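Quick notes on the structure that follows.
Numbering (this note's numbering), first residue to last: 78 to 372.
Structure follows, in structure tokens:
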């Protein structure tokens with residue numbers, strides 16, 4: 078049941094664990110403020126790998142799809158969000174040259190109109206004013222991330238149109254669509270320099286050495302949400318995805334206190350808006366709060 082005077086945020090992600098690595102502190106902040114937050118997870122992550130060496134065991138591989146669902150449940154509780162799977166099958170990350178064909182029936186190969194339908198239905202049921210998702214590159218070029226971008230843009234436009242998907246409920250038009258801008262060159266440089274200044278070894282040295290500045294997206298950032306106090310919640314949710322996240326790995330190579338001091342925001346691009354708002358912003362609900370109160 079949606080309340081007409083409540084703020085609602087829908088975060089659309091490709092796999093279990095994506096919600097904890099992109100925008101998790103933002104979601105935790107809004108949950109604490111009384112906003113209803115829903116995560117739409119497009120696939121079950123069935124074709125993912127076990128990326129945590131401590132979990133790389135036969136019994137884990139045997140139950141990986143079910144384990145990833147269980148991990149998602151734990152992360153959802155930690156973040157305080159609602160969550161639904163949209164029911165598509167992980168496409169996997171193709172490797173090789175040339176790249177092999179994608180598996181038959183996977184999410185990335187589902188026709189756009191069909192793939193967007195469950196998201197349109199969820200938007201009409203949940204009635205979010207704000208949606209977050211990935212940019213046109215998927216954040217990184219995983220076929221499921223790119224498809225997630227495509228269905229999010231499609232559903233944002235279609236959900237409010239009574240002539241499209243008429244069988245999927247009463248139309249609802251979200252007001253704003255944002256893209257995650259998590260990994261920008263200025264942020265990575267700032268963390269790198271802070272780690273070096275503390276006399277430690279930076280995990281970003283090689284990454285920065287190979288970074289093509291022409292591919293930086295920082296100029297697209299319109300919105301920086303202050304959420305440093307929720308970085309511990311974000312990290313706890315990440316660790317809940319034990320098959321995917323190594324607690325000793327790169328996600329935690331930069332001390333949390335350094336991140337909170339040097340880059341205390343999560344950053345976004347305002348990609349679509351039906352409300353007139355000046356940028357830069359520090360709130361995904363800027364321009365909407367005046368119309369809606371939080372219970």
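Just so it is clear, CB atoms sit at the ideal spot from N, CA and C, and this is done for glycine as well.
If you're wondering where the values come from, they're calculated on a predicted model, not measured in any experiment.
Cα separation between residue i and residue j?
i, j, result
"residue 91", "residue 238", "25 Å"
"residue 312", "residue 199", "27 Å"
"residue 310", "residue 289", "32 Å"
"residue 97", "residue 174", "31 Å"
"residue 217", "residue 210", "12 Å"
"residue 152", "residue 269", "28 Å"
"residue 18", "residue 251", "Any answer about residue 18 is impossible in this case: the structure gives the chain only from 78 up to 372."
"residue 106", "residue 255", "17 Å"
"residue 143", "residue 170", "20 Å"
"residue 172", "residue 180", "13 Å"
"residue 100", "residue 87", "11 Å"
"residue 258", "residue 325", "24 Å"
"residue 260", "residue 245", "36 Å"
"residue 283", "residue 177", "28 Å"
"residue 108", "residue 129", "29 Å"
"residue 366", "residue 352", "11 Å"
"residue 322", "residue 195", "28 Å"
"residue 266", "residue 127", "29 Å"
"residue 329", "residue 287", "21 Å"
"residue 273", "residue 305", "21 Å"
"residue 150", "residue 315", "12 Å"
"residue 278", "residue 332", "12 Å"
"residue 361", "residue 183", "32 Å"
"residue 243", "residue 213", "27 Å"
"residue 275", "residue 337", "15 Å"
"residue 146", "residue 104", "20 Å"
Who pairs with residue i in a beta bridge, going by DSSP?
i, result
"residue 423", "In the structure displayed, the chain extends from 78 to 372; residue 423 sits before or after that span and is not available."
"residue 115", "87, 159"
"residue 257", "345"
"residue 316", "Partner(s): none; residue 316 has no beta bridge."
"residue 208", "87, 254"
"residue 120", "165"
"residue 350", "253"
Write down the C-beta distance between residue i and residue j rounded to the nearest angstrom, noting that I regard them as a contact closer than 8 Å.
i, j, result
"residue 192", "residue 223", "Not really, about 12 Å apart at Cβ, beyond 8 Å."
"residue 102", "residue 281", "Not confirmed; about 20 Å, so no contact."
"residue 253", "residue 197", "Going by Cβ atoms, the distance from residue 253 to residue 197 rounds to 17 Å, so no, they are not a contact pair."
"residue 350", "residue 132", "Actually they are not in contact, since the Cβ atoms of residue 350 and residue 132 sit about 41 Å apart, beyond 8 Å."
Among the residues of its own chain, which have a CB less than 7 Å from the CB of residue i, if the five just before and after it don't count?
i, result
"residue 371", "Confidence at residue 371 is low in this model, with a pLDDT of 42, below 50, so its placement is unreliable and the value that follows should be read with caution. Correct list, in chain order: 83, 84, 110, 111, 112."
"residue 241", "235"
"residue 303", "341, 342, 359"
"residue 318", "93, 94, 97, 148, 152"
"residue 363", "354"
"residue 247", "201"
"residue 231", "189, 193"
"residue 262", "288, 290, 293, 295"
"residue 285", "265, 266, 269"
Cutting at 8 Å between CB atoms, please list the residues of its own chain near residue i, excluding the five before and the five after it.
i, result
"residue 225", "89, 90, 91, 119, 210, 211, 215"
"residue 33", "Residue 33 lies beyond the range of the chain shown here (78 to 372); nothing can be said about it."
"residue 264", "295, 340, 344"
"residue 161", "115, 116, 117, 118, 199"
"residue 185", "168, 179, 220, 221, 223, 224"
"residue 327", "280"
"residue 187", "165, 224"
Consider the C-beta atom of residue i and the heavy atoms of the ligand NAD; say whether any pair is separated by less than 7 Å.
i, result
"residue 125", "Ligands are entirely absent from the displayed structure, and the ligand NAD is therefore not among its contents."
Using C-beta distances below 6 Å, list every residue in its chain close to residue i, excluding the 5 sequence neighbours before and after it, in chain order.
i, result
"residue 141", "none"
"residue 271", "335, 339"
For residue i, decide whether its Cβ has a neighbour in chain B, counting only Cβ atoms nearer than 8 Å.
i, result
"residue 176", "Although the question refers to chain B, the structure presented lacks it and comprises just one protein chain."
Inter-stretch contact (C-beta, 8 Å, three-pair minimum) for the region 292-305 and the region 335-352: With a cut-off of 8 Å, the region 335-352 and the region 292-305 count as touching, because enough Cβ pairs lie within range.
The region 124-140 contacting the region 155-162, beta-carbon criterion three pairs below 8 Å: Taking one beta carbon from each stretch, the region 124-140 and the region 155-162 have fewer than 3 pairs nearer than 8 Å; the two do not touch.
Touch test, the region 115-130 against the region 164-172, Cβ-Cβ under 8 Å, three pairs minimum: At 8 Å Cβ cutoff, the stretches touch.
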